[in-house]
Amino acid sequence: MKNYKNSDYAINKYSENIVYRTANQIIEISLSDYLEANPDKTEQDFNELKALSDEIYLEQVREENRVTQRTSSLENTKQVQDVTALTIEENYIEKLDKQHIVLAFKKFFKDGSLTEVQKRRFIMHVLKNFSMREIARIENVDFTSVRESIHSAKRKLKKFFEKF
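Right, here's the structure in full:
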């Protein structure tokens with residue numbers, strides 16, 4: 148097991164056995180161990196259990212990544228706020244700039260430049276922080292179509308702001 152990455156998902160996925168890691172040990176359940184302990188079960192039952200175990204570990208990794216991203220983003224925001232204490236005038240100018248940007252985005256989304264699919268995928272990816280693969284899975288489409296939609300929306304957005 149030395150060659151595996153140090154994650155429960157990787158250890159379980161690349162092993163033929165079902166792997167559980169506790170605080171101080173790694174337990175592997177092989178097909179023969181499973182069948183011996185469960186005489187009424189089959190190899191297919193073992194494979195289904197292994198697949199379920201992989202899914203659970205993968206979802207744990209995704210959730211850990213989401214939490215880490217949110218936490219690091221919040222920490223970065225706090226650090227930036229601490230470093231940059233703005234004057235009243237600077238706050239007012241910044242507020243006006245944000246309002247200007249919000250109005251520009253509203254115009255962009257309403258002007259018909261984007262198809263409904265591009266708009267939906269762009270919002271999911273950029274504003275709601277979904278990965279392109281997650282969007283593809285949610286919409287049950289190929290990853291490349293999601294990537295192309297988002298890249299096309301970004302190109303259109305860039306052109307829009309060049310004119311703005």
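Using the numbering used here, the first residue of the sequence shown is number 148, and each one after it goes up by one. In this text, a Cβ means the ideal position worked out from N, Cα and C, and glycines have one as well. Source: prediction; values computed, not measured.
Sequence-distant residues of its chain with Cβ nearer than 7 Å to residue i (five each side left out)
| i | result |
| --- | --- |
| K303 | S260, L261 |
| V264 | S296 |
| F255 | L304, F307 |
| L196 | I165 |
Distance, residue j Cα to residue i Cα
| i | j | result |
| --- | --- | --- |
| A251 | K306 | 12 Å |
| I173 | I297 | 42 Å |
| N194 | I285 | 25 Å |
| S200 | N164 | 11 Å |
| K253 | R267 | 14 Å |
| Y181 | V166 | 12 Å |
| R213 | D258 | 33 Å |
| S162 | A198 | 12 Å |
| Y204 | I176 | 16 Å |
| N287 | I235 | 49 Å |
| K245 | L274 | 15 Å |
| E281 | V249 | 26 Å |
| P186 | E202 | 25 Å |
| Q207 | K310 | 44 Å |
| A184 | D192 | 13 Å |
Rounded distance between the beta-carbons of residue j and residue i, thought under 8 Å
| i | j | result |
| --- | --- | --- |
| M279 | R294 | 5 Å |
| F269 | A300 | 4 Å |
DSSP-derived helix/strand/coil call for residue i
| i | result |
| --- | --- |
| F277 | coil |
| E163 | coil |
| V293 | helix |
| D201 | helix |
| S299 | helix |
| L261 | coil |
| N212 | helix |
| V249 | helix |
Proximal residues to residue i (C-beta, below 8 Å), its chain only, five neighbours per side dropped
| i | result |
| --- | --- |
| E190 | L178, L182 |
| D289 | A283 |
| S292 | A283 |
| E211 | none |
| K188 | Y181, L182 |
| H247 | none |
| In chain order, which beta strand (DSSP E) runs of at least 3 residues are fully inside the segment 166 to 198? | Runs of beta strand (DSSP E) with 3 or more residues, each lying fully within the segment 166 to 198, are found at 173 to 176, listed in chain order.
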